[in-house]
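The next block holds one structure in the form of structure tokens; read it before the comments.
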Amino acid sequence: MLTGISLSSTALSPIIPTSPEQLDDAKLVNNEVKTLFTKGSAEQLYKQASDNVLKLNERLVEARKDAMQLAKAPHSSPLDARAQDLSEKIVASQLHAHVVTASLQGLEALASGQGPQEKSMANSLFSQSSTELQSVVAEVAELHAAPPASPGSTAISETDDFFQKLLDMIKFIREDYLAVYEELIAKYSAFFKDFNESIMSKLGGWITGVNEGKDVRISLELRDELDRLVQKYSSIPEGVLFTGQTQEEALRWAQAFGMSPESVRPDGNGGFVIMIDVSPLVAMRDTFPPFLPFITWDSAKFQAWQTGFNSQESEMKNQLQVFTTKYGNANSYYENFNKILSSQLSQYAEMLKAYCSGI
1 MLTGISLSST
11 ALSPIIPTSP
21 EQLDDAKLVN
31 NEVKTLFTKG
41 SAEQLYKQAS
51 DNVLKLNERL
61 VEARKDAMQL
71 AKAPHSSPLD
81 ARAQDLSEKI
91 VASQLHAHVV
101 TASLQGLEAL
111 ASGQGPQEKS
121 MANSLFSQSS
131 TELQSVVAEV
141 AELHAAPPAS
151 PGSTAISETD
161 DFFQKLLDMI
171 KFIREDYLAV
181 YEELIAKYSA
191 FFKDFNESIM
201 SKLGGWITGV
211 NEGKDVRISL
221 ELRDELDRLV
231 QKYSSIPEGV
241 LFTGQTQEEA
251 LRWAQAFGMS
261 PESVRPDGNG
271 GFVIMIDVSP
281 LVAMRDTFPP
291 FLPFITWDSA
301 KFQAWQTGFN
311 SQESEMKNQL
321 QVFTTKYGNA
331 NSYYENFNKI
341 LSSQLSQYAE
351 MLKAYCSGI
């Protein structure tokens, strides 16, 4: 029997596991599916695949809404909880993306058992949808400067070719595009969470009033903790946002992220990485002298420091919000792709239904 799928005579009903690591597309489809390709079951299989794509889009929409809320959140609001919500929505979409891939792999296997009439109907419909899908992929390829041979650049002539090409296009738009932004959000959110837990949550304990409230004493444990974060996120792998095969690829993605070329550096293994910008942390740290247990400032000096500190924190919040906006845009391309795909699969299911009822 198929691993992770409940079989009936009319449908494939995916059982979604609790983490992406538990999913293996290859285990979700095998040759046993071919036995289901009868005139009575084919319609249901295509309809089920269409429904799976729609369910994936529901999860993508939820994630995109969370991303937009995070991007528009005022700087005074805590972003940790919002970032966690977005992370959970992204994982949910990743889980269901595996289910969609498994459904399409099943249809690819089933297509080899089609009769001439069904194949003719499929070729007519899929030649139209492939053009629409390829246009979405071409837009994405242009956005991230993919090579001309990227999926979507060649015509599809047979049903079997359609499914293989479709899986290639999905891999490109999902793994080579959207997943890059998902990883970007995950890495920067983890960095920002670490900053909040290590610095912001402890700030009150490091700052005390002295001299009857006229002056402020700051424990330079604050400086030490800032320095620890600078060292941690200036190193590989903790500070890596993206790993590229070449410098050109890493520079291209740095530009797409809205980051400086200086964020790209060799990884020591022949590749190139994009690193988190820790300059706000460096600026915070360097306002304090080293090798002292504490520092005492008058209220004017303290207020000037506090203004600068808050400005650097806002810069990091800004960066997170820029990244979430870019993720939301990437997500919308995948949504559009899925809308076209679901519509075409549903149309083909209706064609099969009409064909079967006429026999």
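In terms of the working numbering, the sequence shown is residues 1 to 359.
For glycine and all other residues, C-beta sits at the position ideal for the given N, C-alpha and C.
Here the structure is a predicted model, which is why all the values come from computation and not from measurement.
State the CB to CB distance for the pair residue i and residue j, rounded to an integer number of angstroms; the pair is presumed to be in contact (CB under 8 Å).
| i | j | result |
| --- | --- | --- |
| residue 250 | residue 273 | 7 Å |
| residue 294 | residue 218 | 6 Å |
| residue 352 | residue 42 | 5 Å |
| residue 79 | residue 66 | Actually they do not touch by this definition, with Cβ atoms about 12 Å apart. |
| residue 264 | residue 247 | 7 Å |
So which of the options has the shortest CA-CA distance to residue i?
| i | options | result |
| --- | --- | --- |
| residue 304 | 287, 278, 202, 72 | 287 |
| residue 215 | 233, 298, 306 | 298 |
| residue 268 | 253, 291, 235 | 235 |
| residue 254 | 213, 220, 326 | 326 |
| residue 385 | 57, 252, 134 | Past the boundaries of the shown model lies residue 385; the chain is included only from 1 to 359, so the question cannot be answered. |
| residue 332 | 48, 45, 137 | 137 |
| residue 315 | 192, 350, 263, 211 | 192 |
| residue 281 | 311, 341, 330 | 311 |
| residue 101 | 172, 81, 259 | 172 |
| residue 108 | 341, 162, 349 | 162 |
| residue 340 | 141, 69, 170 | 170 |
| residue 344 | 130, 83, 68, 73 | 130 |
| residue 211 | 318, 296, 317, 247 | 296 |
| residue 259 | 228, 319, 230 | 319 |
| residue 204 | 248, 306, 263 | 306 |
| residue 175 | 354, 330, 342 | 330 |
| residue 317 | 256, 233, 195, 223 | 195 |
| residue 361 | 228, 190, 223 | A query on residue 361 cannot be resolved here, the shown segment of the chain reaching from 1 to 359 and no further. |
| residue 237 | 266, 261, 223, 209 | 266 |
| residue 313 | 135, 200, 106 | 200 |
| residue 292 | 45, 232, 262, 223 | 223 |
| residue 110 | 135, 45, 165, 261 | 45 |
| residue 106 | 73, 164, 135 | 164 |
| residue 289 | 342, 233, 256, 227 | 227 |
Check this for me: beta carbons of residue i and residue j, under 7 Å apart or not?
| i | j | result |
| --- | --- | --- |
| residue 309 | residue 284 | yes |
| residue 323 | residue 188 | yes |
| residue 276 | residue 239 | yes |
| residue 221 | residue 198 | no |
| residue 143 | residue 184 | no |
| residue 54 | residue 104 | no |
| residue 321 | residue 71 | yes |
| residue 89 | residue 349 | no |
| residue 177 | residue 140 | yes |
| residue 346 | residue 50 | yes |
| residue 93 | residue 133 | no |
| residue 91 | residue 52 | no |
| residue 68 | residue 328 | yes |
If you follow the alpha helix (DSSP H) that residue i is part of, which residue opens it and which one closes it?
| i | result |
| --- | --- |
| residue 204 | 203 to 206 |
| residue 185 | 179 to 198 |
Between which two residues does the beta strand (DSSP E) carrying residue i extend?
| i | result |
| --- | --- |
| residue 215 | 215 to 219 |
* Could I get the ranges of all uninterrupted alpha helix (DSSP H) runs contained in the segment 223 to 307, with 4 residues as the minimum, in chain order? => 247 to 257, 279 to 285
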